[in-house]
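Novice: Below is a structure I'd like to ask you about.
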Amino acid sequence: MRRCLVPLSIAVLLSVPLGAQAPPQIEVPFRQFRLANGLNVILHRDTRVPVVAVNVWYHVGSANEKPGRTGFAHLFEHLMFEGSKNVKEGMFDNLLEGAGGDNNGSTSNDRTNYVIDVPKNALELALFLESDRMAFLLDTMTPERVNGQRDVVKNERRQRYENEPYGMASIELDKMLWPPNHPYSWPTIGYMEDLTAASHQDVVEFFKKFYAPNNASLVVAGDIELDRTKALVEKWFNEVPTGGVVEPIAPPAAILTTVQKKTITDRVSLPRLYVAWLTPRVYAPGDAALDMASSVLAGGKNSRLYKRLVYDMQIAQDVTAYQQSAALGSSFSIIATARQGHTVAELRTAIDEELEKLRREPPTAREVQRAINQLEASFYRRMERVGGFGGKADQLNAYHAAGGGPDFFAEDLARYTSIKPSDVQAVIIEWLPADRRVELVVEPEGRK
Amino acid sequence: MSAPQRSRRVSHGATEVWGHKGHHDHKEQSRRTPFLLLVFFVIVVASDLRGLGDGAGLLAQTRPDRSSPPPLGPAPQLNLPQVQKRTLSNGLPVWVIETRAVPLVQVNLLIKAGAGDDPAGKFGVASLTAAMLDEGAGSRSSLQISDEVDFLGADLTTTSSFDASAVRLNVPVSRMKEALAVMADVALRPTFPADELERVRKERLTALLQAKDDPAAVAPLAFAHTVFGPSHRYGTAAMGTESTIKAFTVGDLKAFHAAMYQPTNATLIVTGDVRAADAIAQLETHFGQWHNNPAAATPRRPVPGASQLTEGQITIVDIPGAAQSQIRIGWVGVARSTPDYFTLEVMNTILGGSFTSRLNQNLREEHQYAYGAGSRFDMRLAPGPFYAAAGVQTDKTSEALREFFNELNRMSKPVEADELMKAKNYIALSFPGEFETLGDLASHIEEQVVYSLPDSFFADYVRNVQSVTSAAVQKAAATHIQPKRFAVVVVGDRKTIEPGIRALNLAPVRVLSVDEAIGQ
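Top to bottom, those sequences are chains R and S.
Residue numbers for the first sequence, in numbering that gives the first Met the number 0: 0 to 447.
Residue numbers for the second sequence, in numbering that gives the first Met the number 0: 0 to 519.
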């Protein structure tokens with residue numbers, strides 16, 4: 000066993016170019032190895048507080064769902080907390096809370112992650128629970144459990160989408176951006192009728208297909224002894240049976256060739272405009288520059304769109320812009336809410352003028368450096384926490400999943416620090432054209 | 000909102016906290032699994048298959064005993080970071096915690112004045128004053144402040160709660176000096192430009208308008224208004240009302256700032272990768288010349304305790320077509336200074352303060368009426384609200400209310416030993432994890448300063464939690480959980496939910512519009 004050992008201890012150095020002093024160093028040393036069943040394992044020691052984070056990524060998300068079963072990856076995630084062969088229903092949470100621990104999970108288009116944060120004395124409890132559901136989830140799975148979490152998830156959808164102002168817009172926008180058979184065209188939360196259709200048999204098939212150790216990665220980070228932790232991981236995870244090969248997703252081509260417009264209504268007082276484009280997938284050329292473009296456009300009071308729409312003209316209540324990076328392709332969105340007495344047409348005109356200015360002339364050096372400096376500081380801030388979503392354990396798994404290796408911190412940062420104003424101009428010209436995009440308007444009900 | 004469902008399995012909406020994604024965290028997380036990965040796994044699996052022989056052979060020997068959960072070792076000790084207390088030459092206290100984890104520093108200027116100090120007729124002045132601090136200060140304009148802060152990679156926030164106001168700076172330590180200069184202008188020398196006030200006023204009025212669209216925003220406002228009424232400060236949002244926001248003048252803001260933002264009323268808190276002596280030297284430069292102005296000072300008047308509710312009442316706030324009903328149930332709770340503090344922490348963890356709490360188990364796991372349910376004592380300088388809360392599907396609203404009251408009534412019975420122990424351990428054993436980030440550390444110090452907690456508070460915390468008894472929980476519940484006298488607010492589709500709610504016969508029912516309910 001314990002083959003493919005890649006025991007590394009790499010110090011990742013992040014430097015501060017602006018500071019006068021010696022560059023501060025942040026080290027994320029790790030040890031990586033793989034079990035015989037294919038489970039990738041990454042250990043990271045950080046003893047500042049006596050807690051341990053156990054973080055598992057399964058490389059399956061809503062993009063792996065079948066038509067007619069949208070929302071299933073997320074519904075499945077809920078079922079992972081309901082008990083397994085040696086963990087009675089309810090005991091997953093009871094045992095962890097009784098040990099002073101917290102846990103959670105989340106599902107995106109591309110992956111599903113699970114976090115357990117415990118005081119360091121409960122490390123083995125966390126490994127027991129995590130390995131039991133990885134190996135033996137189906138042993139005690141019942142149609143009743145599926146029914147129960149189905150209704151919880153339906154209420155999640157009601158709370159976070161249907162009853163939330165503008166909550167349905169992101170679902171509409173994805174439908175407009177991606178072709179109907181593209182897996183990003185449907186929402187991670189799923190359609191109600193598909194949630195209704197999900198069956199116990201679907202759970203069995205999904206688990207067997209995707210929830211195998213060779214399709215997962217485990218990070219244990221925090222106040223740990225590396226050798227002992229490695230032995231404990233082997234003890235609890237070695238018996239998890241390996242699974243088959245997960246076929247890569249082969250999505251259809253996604254290209255916008257015209258301007259597509261749609262208006263929907265919602266129970267809101269103010270109209271909102273969404274303008275969106277299809278853009279390069281995560282880590283592809285252009286991805287990082289589009290992040291910087293979002294900052295130049297809508298990051299802070301001096302950003303182009305905020306200053307124009309919200310600060311100077313005061314025709315918008317808010318404006319945001321972001322590159323939503325994903326494995327099969329990304330999208331870039333600009334969202335603005337009109338103030339009372341103003342229309343989305345006014346917003347659209349001003350947004351187009353600002354984009355056109357940036358197509359004609361790059362942003363200033365200071366605008367881009369400002370965005371880089373903010374981003375660099377945010378890299379330090381996300382070094383602060385070991386557990387939870389976005390903590391170091393989660394980031395190690397994210398970089399591993401991205402294929403960059405868990406020591407990708409410095410490389411990721413370098414993608415941004417090297418960006419020049421002309422790069423930002425270039426991606427706006429290439430990826431945010433005026434004649435190939437999607438425009439969604441949410442109008443107040445009864446005022447369409 | 001109530002505790003358990005805050006981030007619990009929020010799934011597809013969770014933010015991956017990639018640094019650069021921070022300014023649009025309302026959206027779904029970034030998704031990452033590039034193509035490389037797929038190739039990678041084909042190789043991995045192939046090599047694993049070759050190794051299966053010896054791996055499988057060892058399984059029999061190494062199979063762990065899963066018949067019971069592995070025992071926990073001894074709980075780790077809480078190593079509280081050392082707080083160094085200093086003062087600047089003007090008497091301004093500075094509390095420093097040195098920690099070397101990341102090259103960042105957090106500097107919080109805490110002002111002991113908040114919405115609780117708003118004079119009658121000027122509800123919202125503390126909040127607006129804080130919001131306007133960075134809209135022009137010293138010789139800097141609003142845009143210049145924002146540009147400098149962003150260029151330094153800093154976060155500078157100005158904020159106000161019911162009990163305090165704060166200017167909080169987080170910055171790479173290499174740029175602390177430049178950032179402190181901006182922070183000091185913002186905190187000490189705001190200019191409150193008239194045109195910026197008009198802009199922020201419009202922004203706030205629009206935000207109030209938007210809040211009325213959102214049942215989850217209307218519910219807490221309507222609940223506070225019902226429990227505390229229009230004249231008590233806690234009955235109205237910290238931001239104020241449409242009429243007060245419309246009436247504020249530059250003079251109001253200047254007067255509040257002059258009266259309340261004074262060294263005698265303030266504390267500086269520093270956490271991060273700096274030596275205390277260096278931090279003090281820099282702070283002396285920027286804050287040491289700040290002088291008290293006794294002539295302008297207004298002594299802090301305690302917020303009076305609200306009169307307690309005596310009879311149950313149900314308020315339906317009509318939002319036609321709502322997919323869920325937002326429910327709030329409760330009354331006037333306790334002040335932060337309550338002698339029952341630890342007992343109530345434990346009791347509320349059992350009732351609705353954790354994922355395995357009774358309310359969440361009942362409404363989410365057992366009945367599936369809600370995505371999550373919980374309860375909370377909002378402890379302030381004066382007694383704040385206690386409430387149980389959930390968003391429940393519209394067609395199960397009355398059933399959900401019945402379960403809420405079943406659980407609230409059940410608190411009068413003794414709590415079993417194992418449930419009590421689980422709650423105490425959950426609070427006590429997770430406590431060391433609350434001191435991880437610079438922000439965590441600074442916010443604990445803020446709590447200590449605002450509520451005058453003893454220096455021993457954090458060191459004694461675990462012992463105090465562990466000494467709570469079942470009898471104490473039962474006694475506290477008898478005092479603080481009296482469901483017959485609770486106010487109930489339900490924000491939802493009246494047409495569908497009203498008949499069922501009336502049929503419960505819990506209490507008199509009234510129906511209000513959103514405007515009536517939140518007291519605009």
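Idealized CB from N, CA, C, for every residue including glycine.
Taking the alpha-carbon positions, what's the A476 (chain S) to A221 (chain S) distance?
Specialist: Roughly 25 Å separates the two Cα atoms.
Novice: What are the boundary residues of the beta strand (DSSP E) that F376 (chain S) is part of?
Specialist: Here the beta strand (DSSP E) through F376 (chain S) covers A369 to F376.
Novice: Pull out every residue of the segment 374-394 of chain R whose Cβ sits closer than 9 Å to any Cβ of chain S, in chain order.
Specialist: Listed by position along the chain: L374, E375, A376, S377, F378, Y379, R380, R381, M382, E383, R384, V385, G386, G387, F388, G389, G390, D393 and Q394.
Novice: Taking only beta-carbon atoms, is K64 (chain S) less than 7 Å away from chain R?
Specialist: In the sequence under discussion, the amino acid at residue 64 (chain S) is Asp, which differs from the Lys named in the question. For D64 (chain S), the answer is no, since every Cβ of chain R falls outside 7 Å of its Cβ.
Novice: The beta strand (DSSP E) that contains T396 (chain R), what's its start and end?
Specialist: Strictly speaking, residue 396 (chain R) in this sequence is Asn, with Thr absent from that position. No beta strand (DSSP E) contains N396 (chain R), which is instead part of the alpha helix (DSSP H) from K391 to A400.
Novice: Quick one: which chain S residues come within Cβ less than 7 Å of D116 (chain R)?
Specialist: Chain S residues near D116 (chain R): G432.
Novice: May I ask you to list the residues that DSSP assigns as paired with G329 (chain S)?
Specialist: G329 (chain S) is bridged to S:Y386 and S:A486.
Novice: Is the Cβ of R139 (chain S) closer than 7 Å to any Cβ of chain R?
Specialist: Cβ-Cβ to chain R under 7 Å: no for R139 (chain S).
Novice: What did DSSP end up calling F29 (chain R) once you bin it into helix, strand or coil?
Specialist: Note: F29 (chain R) maps to coil in three-state DSSP.
Novice: How far does the alpha helix (DSSP H) with Q473 (chain S) in it reach, from first residue to last?
Specialist: From DSSP, the alpha helix (DSSP H) with Q473 (chain S) extends over S469 to H479.
Novice: Measure the Cβ-Cβ separation of R83 (chain R) and R144 (chain R) and say whether it is below 7 Å.
Specialist: According to the sequence shown, residue 83 (chain R) is Ser rather than Arg. Contact: no.
Novice: If the cut-off is 7 Å on Cβ atoms, which residues from the segment 100-116 of chain S count as contacting chain R, listed in chain order?
Specialist: The residues in question are A100, V101, P102 and L103.
Novice: Verify whether the separation of the beta carbon atoms of L38 (chain R) and P284 (chain R) is less than 7 Å.
Specialist: No; because the gap between Cβ atoms is not below 7 Å, this pair is not in contact.
Novice: So Q83 (chain S) and A275 (chain S) are in contact, right, with Cβ under 8 Å, and what is the actual spacing, rounded?
Specialist: Indeed they touch by this definition, with Cβ atoms about 5 Å apart.
Novice: Helix, strand or coil for W177 (chain R)? Go by DSSP, reduced to three states.
Specialist: Coil, per DSSP.
Novice: What do you reckon, are the CB atoms on F286 (chain S) and L440 (chain S) nearer than 7 Å?
Specialist: No, the Cβ-Cβ distance between F286 (chain S) and L440 (chain S) is not below 7 Å.
Novice: So for N146 (chain R), helix, strand or coil by DSSP?
Specialist: In this structure, N146 (chain R) counts as helix in the three-state DSSP scheme.
Novice: At the level of alpha carbons, what is the spacing between V232 (chain R) and K201 (chain S)?
Specialist: So the alpha carbons of these two residues sit roughly 57 Å apart.
Novice: Can you tell me which residues form a DSSP beta bridge with R509 (chain S)?
Specialist: S:T314.
Novice: Does DSSP put Y282 (chain R) in a helix, a strand or coil?
Specialist: Y282 (chain R) falls in the coil class under three-state DSSP.
Novice: Where does G352 (chain S) fall in DSSP's three states?
Specialist: It is coil, neither helix nor strand.
Novice: Alpha carbon to alpha carbon, how far is A74 (chain S) from P431 (chain S)? Give it in angstroms, no decimals.
Specialist: Cα to Cα, the separation comes out at about 10 Å.
Novice: Do you know offhand how far A296 (chain S)'s Cα is from K395 (chain S)'s?
Specialist: Looking at the two C-alpha atoms, the distance is approximately 53 Å.
Novice: Compare the C-beta of N301 (chain R) with all C-beta atoms of chain S and state if any pair is closer than 7 Å.
Specialist: Judged by the 7 Å Cβ criterion, N301 (chain R) is in contact with chain S.
Novice: Which same chain residues, not among the five before or five after Y273 (chain R), have their C-beta less than 8 Å away from its C-beta?
Specialist: Closer than 8 Å at the Cβ level, and outside the excluded window around Y273 (chain R), lie A168, L172, S332, I333, I334, V437, E438, L439, V440 and V441.
Novice: For L354 (chain R), would you say it is in contact with chain S, using Cβ-to-Cβ distances shorter than 7 Å as the test?
Specialist: L354 (chain R) does not count as touching chain S.
Novice: What residues of chain R sit near S374 (chain S), judged by a beta carbon separation below 7 Å?
Specialist: Simply none; closest approach about 16 Å.
Novice: Does K494 (chain S) pass the burial test, meaning 16 or more other C-beta atoms within 10 Å, or should it be called exposed?
Specialist: Classification for K494 (chain S): exposed.
Novice: What is the residue span of the beta strand (DSSP E) that V170 (chain S) lies within?
Specialist: Start and end: S164 to P171.
Novice: Pop quiz: A153 (chain S) and V170 (chain S) are said to be a contact at Cβ under 8 Å. What is the actual Cβ separation, rounded to whole angstroms?
Specialist: Rounded, the Cβ-Cβ distance is 4 Å, consistent with contact.
Novice: Got a sec? Which residues, its chain only, sit under 7 Å from D117 (chain S) by beta carbon, not counting five neighbours each side?
Specialist: Answer for D117 (chain S): G123, V124, A125 and R232, listed in chain order.
Novice: In angstroms with no decimal places, state the Cα-to-Cα distance between N504 (chain S) and T314 (chain S).
Specialist: So the alpha carbons of these two residues sit roughly 13 Å apart.
Novice: Please list the partners that G285 (chain R) has in chain S, where partner means a Cβ-to-Cβ separation under 8 Å.
Specialist: Those do not exist, as G285 (chain R) stays about 14 Å from chain S at its closest Cβ, beyond 8 Å.
Novice: Can you name, in chain order, every residue of its own chain whose Cβ lies under 6 Å from the Cβ of N107 (chain S), other than the five neighbours on each side?
Specialist: Only A165, R167, I268 and A441 meet the Cβ criterion.
Novice: Where does P279 (chain R) land, buried or exposed, given buried means 16+ other C-beta within 10 angstroms?
Specialist: P279 (chain R) comes out buried.
Novice: Kindly list, in the order they appear in chain R, the residues whose Cβ is closer than 7 Å to that of F370 (chain S).
Specialist: It should be pointed out that residue 370 (chain S) corresponds to Tyr in this sequence rather than to Phe. Correct list: V151, N154, E155 and Q158.
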